[in-house]
Amino acid sequence: MPKDTGRVGMAAHLAVAQRLVERGFEVLEPFRDDLRYDLAYYYPGKEGSIFKRGENPELVRIQCKNGRLTPDGATIRFNAFNISGGRGKKKSYKGDAEYFGVYCPELRRVFLIPVEVCSEGETSIRLKSAGLKRGNRFGSKHVEWSPEYQDLYIWAEDYEI
């Protein structure tokens with residue numbers, strides 16, 4: 088059965104909105120569907136918010152994406168671009184949204200990933216909790232992430248909401 092991309096996108100959209108509301112955000116949804124963001128929230132510009140955005144009030148735009156868990160369970164992948172106009176050209180969201188709201192249905196978890204830390208293609212976020220699997224033909228073992236990996240990846244747990 089083919090995947091219904093509209094339904095998958097709607098599930099991600101609703102999961103991100105629900106999580107933001109649960110966290111106490113005033114969530115806004117644009118009336119127009121040609122904007123390059125799906126949701127927004129009002130940041131009042133106060134200290135103590137879970138996202139340090141500064142002291143000035145602002146509208147923060149979120150593009151919702153469905154995340155796909157890799158077979159090894161260590162990585163979530165999502166497209167940090169869209170293809171519009173039937174021309175097949177990938178377009179980044181930089182300047183059009185501040186965050187990607189990534190919903191991973193296999194884990195039922197939501198992540199807010201800053202657009203500026205994502206590459207302009209398929210983006211991967213690693214799960215620290217999955218650890219590093221090392222193995223050979225006789226088996227494999229689970230090894231915790233060592234400090235030299237800390238700057239190499241976008242860590243999912245750092246952005247979970």
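Taking our numbering, I'd label the letters of the sequence shown as residues 88 to 248. All C-beta atoms, glycine included, are put in the ideal place defined by N, C-alpha and C.
* Asked: Can you give the Cα-Cα distance for residue 148 and residue 216, rounded to whole angstroms?
  -> Here the question's residue 148 lines up with position 61 in the sequence shown. Here the question's residue 216 lines up with position 129 in the sequence shown. The alpha-carbon of residue 148 is positioned some 29 Å away from that of residue 216.
* Give the single residue among 130, 146, 161, 198 whose Cα lies nearest to the Cα of residue 99. => For the purposes of this step, residue 99 is taken as the residue at position 12 of the sequence shown. Ranking 130, 146, 161, 198 by CA distance to the CA of residue 99 puts 198 first.
* **Sufficient close CB pairs (3 or more, under 8 Å) joining the stretch 164 to 184 to the stretch 201 to 213** => With the cut-off at 8 Å, the stretch 164 to 184 and the stretch 201 to 213 touch.
* Asked: Does the distance from the C-beta atom of residue 130 to that of residue 145 stay below 9 Å?
  -> Mapped onto the sequence shown, residue 130 falls at position 43. Mapped onto the sequence shown, residue 145 falls at position 58. Yes, the Cβ-Cβ distance between residue 130 and residue 145 is below 9 Å.
* To do: May I ask you to list the residues that DSSP assigns as paired with residue 247?
  => Here the question's residue 247 lines up with position 160 in the sequence shown. Bridge partners of residue 247: 198.
* Asked: Per DSSP, what kind of secondary structure is residue 145 in: helix, strand or coil?
  -> For the purposes of this step, residue 145 is taken as the residue at position 58 of the sequence shown. It is a strand residue.
* Asked: Roughly how many angstroms lie between the CA atoms of residue 213 and residue 248, to the nearest whole one?
  -> Indexing the sequence shown from 1 puts residue 213 at position 126. Indexing the sequence shown from 1 puts residue 248 at position 161. Straight-line Cα distance between these residues: approximately 16 Å.
* **Sequence-distant residues of the same chain with beta carbon closer than 7 Å to residue 112, five excluded per side** => Mapped onto the sequence shown, residue 112 falls at position 25. Excluding its 5 nearest sequence neighbours in each direction, residue 112 has C-beta neighbours in its own chain below 7 Å: 128, listed in chain order.
* Asked: Looking at C-alpha atoms only, which residue of 152, 210, 193 is the closest neighbour of residue 160?
  -> In the sequence shown, residue 160 corresponds to position 73, counting from 1. Shortest Cα-Cα distance from residue 160 to any of 152, 210, 193 involves 193.
* To do: Run the CB neighbour count on residue 106, radius 10 Å, all protein chains shown included, and call it buried at 16 or more, exposed below.
  => As a position in the sequence shown, residue 106 is number 19, starting the count at 1. Flag for residue 106 reads buried.
* Asked: Can you list, in chain order, the residues of its chain whose CB lies under 6 Å from that of residue 155, leaving out five sequence neighbours each side?
  -> Residue mapping note: residue 155 aligns to position 68 of the sequence shown, counting from 1. Excluding residues up to 5 positions away in sequence, 164 lie with their Cβ nearer than 6 Å to the Cβ of residue 155 in the same chain.
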